[in-house]
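Heads up, the thing below is written out as structure tokens.
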Amino acid sequence: MAQRDLPKGYEPMEVEKKWLKFWNENQSFTPALDPDREPYCIVIPPPNITGTLHMGHALNLTLQDILCRFHRQQGCDVLWVPGTDHAGIATQNVVEKALAAEGRTRQDLGREEFIKRVWQWKEEYGGKILNQISRMGASVDWTRLRFTLDEGLSRAVREVFVQLYEQGLIYQGDYIINWCIRCHTALSDLEVEYSEISGGLYHLRYPLEDGSGHLVVATTRPETMLGDTAVAVNPEDERYRYLIGKFALLPFLNRRLPVIGDEYVDKEFGTGCLKITPAHDPNDFELGRVHGLEIVQVIDDQGRMTAEAGEQFQGLDRQECRTKILNELKKLDLLEGAEDYRHSVGHCYRCSSVIEPYVSRQWFVKTGPLAQKARDAVSRGHTRILPEHWTRTYYEWLDNIRDWCISRQIWWGHRIPAWTCLDCCELIVSREDPSTCPKCQGSQLEQDQDVLDTWFSSALWPFSTLGWPERTRDLEKFYPASVLVTAFDILFFWVARMMMMGVHFMDQVPFRHVYIHALVRDVQGQKMSKSKGNVIDPLVMLDKYGTDAFRFTLTALASMGRDIKMSEDRVEGYRHFINKIWNAARFSLMHLEQAPEKFDSSRVEGLAHKWIMHRMEEIKSQVAEALENYRFNDAAQTMYQFVWHSFCDWYLELIKPELYGDDSRLREKARDNLYQMLSEILILLHPMIPFVTQEIWSRLPGINEQDLSRVPYPQKRPGCDFPEAARDMEFLQQVITAVRGIRSELNIAPGIRLELLIRTEGRDRAFLEKHQDLILGLAGLSGMQAGEDIDPPGGCGAAVVKGCELFVPLRGVVDIQSELARLQKELSKLDKDLNIVGKKLDNPGFLNNAPREVITKEQAKAGRIREEKEKLEALQKRLESIEQD
RNA sequence: AGGCGCGUAGCUCAGGGGGAGAGCACUUGCUUGACGCGCAAGGGGUCAGGAGUUCAAAUCUCCUCGCGCCUACCA
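Final position of the first sequence in our numbering is 1394; the numbers increase by one with none missing.
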């Protein structure tokens, strides 16, 4: 028997290895490009090559994989392209750190040599996360693996850059940008993270040029005063209006600072006088432009004071300079005061250094027109964002978007395809590397040193991975993708930008749906982070509990719009479910030596079989509907309940007598149906837990298709709705449960066989008698008698189910008092229920306004409760009278 | 400052106008011919608080309180 091969508990390790290899060799996940099959395509969020799998990836991959596998089952030609992202700054940082350990810098190596080193690093370590994706069971097509810096994607990047430049949507200019002095590059607004720090707010005195006194400005960054080129006050401000047009003198440097009027200045804040440093503050930069102010750069790209800062400060670090300035001002009695002040300061999202606003020549994408189109695509419904409330966030960001700084002063990335002719200063932007200047034919061309923001290439991912700018078959078939699955934290970084680029270059949205899933947090709901030490490593989960248990946990917890609080206990809990499936299969396979010859669903007979069939039909549509609507947790819960509490708890128990019985016809029928149910359960569960289902599947006798991932979703079976069987089954379960309840609550040892008497008539009586064996077996009874004129002996346990009175003679087994107490408890429950229903039915408003069905339902309910109550009360009286004997 | 979301059983959460649900945890009993990662039976909730709409509110509206997040600003 097959069961002999199966260990008692499910052992994931070997199983997972085996099937990963099988799927890979089989190219199970390479689409057939069959024109008759509908395409289904998912855009994978490409992880960084520096990264390792974390909880967010694990959830993200699990959900995408469920969708892919499910749609394969639905007959779609599915494409899920895997890939990684070159992560410019992060990767360069990693390699530079490695170099530093050798005591070298990238400058020592030179650009070309350094990039070679990075490629080497990438070959060696960059694939780590790909293996981890694979271990999660992700059914990606490995034959189409892409990388943002590979040849094809680099071509796409160039094409996009050049086109946008030609369309006037990319420009170069001197602006204030976010500068990281550690990474030594510009960053986009999104790459700056703000966090609150305690600092000071300093009040500085600037003497007035005319000698009539001084004005006082407030600042958190005294060192920037050296770059001040004006002081602003609000023209509405009575206190200072007279100053407008006068000049203040900058201490140390004696620069003449015009006092200008601008409504931007908040009268309430600080002193009401605002020092203006156009070179080192974004708001001041704007004011400077409006008022035509001079830009004086006093901090350089290393965070050191420049010569403009004056001899005594030149060369100092910005922090040192702050201290020194404050000291000097104090000496000169120009520091009027200092207060503690908490304010938020921008930090680099890669290295956490304090960001320096810095004026420099950079490349920008003019986002306005692109953002408008990206917004329209959603508002017109071409792309749907789910859950829907994220739509608003998406709009808000696009409505307030600023131009996107895309140049980075690093080496690892797509080099900007712009050259300057050293002879005539012509700027050349070109798809191919030019050899001569088109204007002066000079051959001394120098390429721009900068590379592009990594997100610039990620923004093209939905079409660049499919072969664009070529018009490939993949592109024809699979663009736009069906869905993008991601967490909200890259909604702006990535999703919005893909929308902008997709709509602009493909004239079509990049994906139909955007499903925004949860963030995985720790048990307390805190973000997982290494510094907090609350990280759960998914790889550890995979090793300890197996991929399926882990995946099922994530799926069961992934309800729409709520974050997941993850703990190891939960994974352990769901491992029990995987093991339960395993054992149900182990049991089933014991009885399934061969496949049914031909399964004819129209000839299903027997209560248990009809019932489970009926349930299965419901489950099939529930699970499909849940997955179509991204209700992953519903799909998981539905299967959990069904497999455990219908299939295992009842169905398997109910059919045991048939499986072990002598009636070979019944036995065969039971086996056939069991085979059918088990195999459909495996198919339904497969998208969520691919490995264990595939392993069991492969052990089913006589299967044609070894690869479960290619087996279609079970069709709706005509003629298999058996609502009557469902009702009957419920009745049977209630009877059995009632007897078990009496036994259990009165502490009757399971070894003691009880009798059951049932006062009932008509169909119910016939039904119960027909299934007498099942009742005896499952309720632990030695005998049963049903009839209209049942006259129970004194001293019975009792219950009422659907109007039938159940009696369990207890004389000599248990004392009557316990049963009386038990009955009293039942009765008070009934009283409570009756009270609620009664109130409704006594309310004329209810009777006049409620829909007829609701009223009938309530009336029926009241009748049922009343009947049950009467019967139990009668019994209670009898017991009491016996007790008095 | 603006926006979004969440307060339901001890914990984690489903549900979303007409009988308070699940999983885990808990209690009790159990070598029941797959499973103790198991079986059976239980206990446990003024659905944050208040007001309103309604015959009927956990569910819809408003307010209050508490928690979380996002965006922008912060001299």
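Ideal Cβ positions, reconstructed from N, Cα and C, are used throughout, including at glycine.
Bounds of any alpha helix (DSSP H) do not take in MET1293; it lies within the beta strand (DSSP E) bounded by 1290-1296. If you ignore the 5 residues before and after PRO548, its C-beta comes within less than 6 angstroms of the C-beta of ASP586, LYS986, PHE987, all in its own chain and listed in chain order.
Distances from the alpha-carbon of ASP543 to those of TYR519, VAL552, LEU588 put LEU588 closest. CA-to-CA, the gap between ALA695 and LEU969 works out to about 21 angstroms. For GLY682, the uninterrupted beta strand (DSSP E) run begins and ends at 679-689, by DSSP. In this structure, DSSP gives ILE1192 a helical state, which the three-state scheme calls helix.
ILE894: member of the beta strand (DSSP E) spanning 893-895, first to last residue. Beyond the five residues adjoining it in sequence on each side, LYS1311 comes within less than 6 angstroms, by CB distance, of PHE1240 in the same chain, given in chain order. Per DSSP, ALA816 lies in no alpha helix (DSSP H) and is assigned neither H nor E. Taking the CA atoms as reference points, PRO556 sits about 23 angstroms from PHE579. Burial state of LYS1178 is buried, judged by a 10 Å Cβ sphere holding 16 or more other Cβ atoms.
In this structure, LEU954 keeps its C-beta atom at 8 angstroms or more from the C-beta atom of CYS933. Taking 3 residues as the minimum length, the beta strand (DSSP E) runs contained wholly in the region 556-613 are 586-590, in order along the chain. Collapsing the DSSP output to three states places SER967 in a helix. Cβ-Cβ distances below 7 angstroms link LEU1287 to GLU1162, ILE1245 in the same chain, with the five nearest sequence neighbours on each side left out; the list follows chain order. Ranked by how close their Cα comes to the Cα of LYS1107, the residues ASP1181, SER1038, ASP1298 have ASP1181 in first place.
The count of Cβ pairs closer than 8 angstroms, one atom from the region 1070-1082 and one from the region 1028-1038, reaches three, so the stretches are in contact. About 25 angstroms separates the Cβ atoms of THR780 and VAL863, ruling out a contact at the 8 angstroms cut-off. The Cβ atoms of LEU961 and VAL627 lie no closer than 8 angstroms to each other. Of the candidates PHE1141, ASP659, LYS631, the residue whose Cα lies closest to the Cα of THR1064 is PHE1141. The closest CA to that of GLU772, considering only ASN763, SER869, VAL552, LEU796, is found on LEU796. Using a C-beta cut-off of 8 angstroms, the region 676-695 makes contact with the region 860-875, since at least three inter-stretch Cβ pairs fall below that distance. Among the bridge pairs identified by DSSP, LEU1266 is matched with GLN1294, PHE1316. By the Cβ neighbour-count rule, GLU1189 is buried, with 16 or more other Cβ atoms within 10 Å of its own. Runs of the beta strand (DSSP E) lying entirely within the region 625-685, each at least 3 residues long, are absent. In the pairwise beta carbon analysis, the region 664-681 is classified as not touching the region 833-853: fewer than three pairs are separated by under 8 angstroms. In the structure shown, ALA739 adopts extended strand secondary structure according to DSSP, grouped into three states. A direct Cα-Cα distance of roughly 11 angstroms separates ILE808 from THR786. When C-beta atoms of the region 1299-1319 are compared with those of the region 1262-1270, three or more pairs fall below 8 angstroms, so the two segments count as touching. Just so you know, the alpha carbons of GLN583 and ILE1345 end up roughly 47 angstroms apart. With three or more CB-CB distances shorter than 8 angstroms, the region 697-713 counts as touching the region 907-923. DSSP assignment within the region 800-867 yields the following whole alpha helix (DSSP H) runs of 4 residues or more, N-terminal first: 827-840. CA-CA distance, LYS1089 to ARG1124, rounds to 19 angstroms.
The residue among GLY1304, LEU1339, GLU1376, GLY1321 with its C-alpha nearest the C-alpha of GLU1389 is GLY1304.
Taking 8 angstroms as the cut-off, the Cβ atoms of THR593 and PHE656 count as close. Under the 10 Å beta carbon count, TYR680 is surrounded by fewer than 16 other beta carbons and is classified as exposed.
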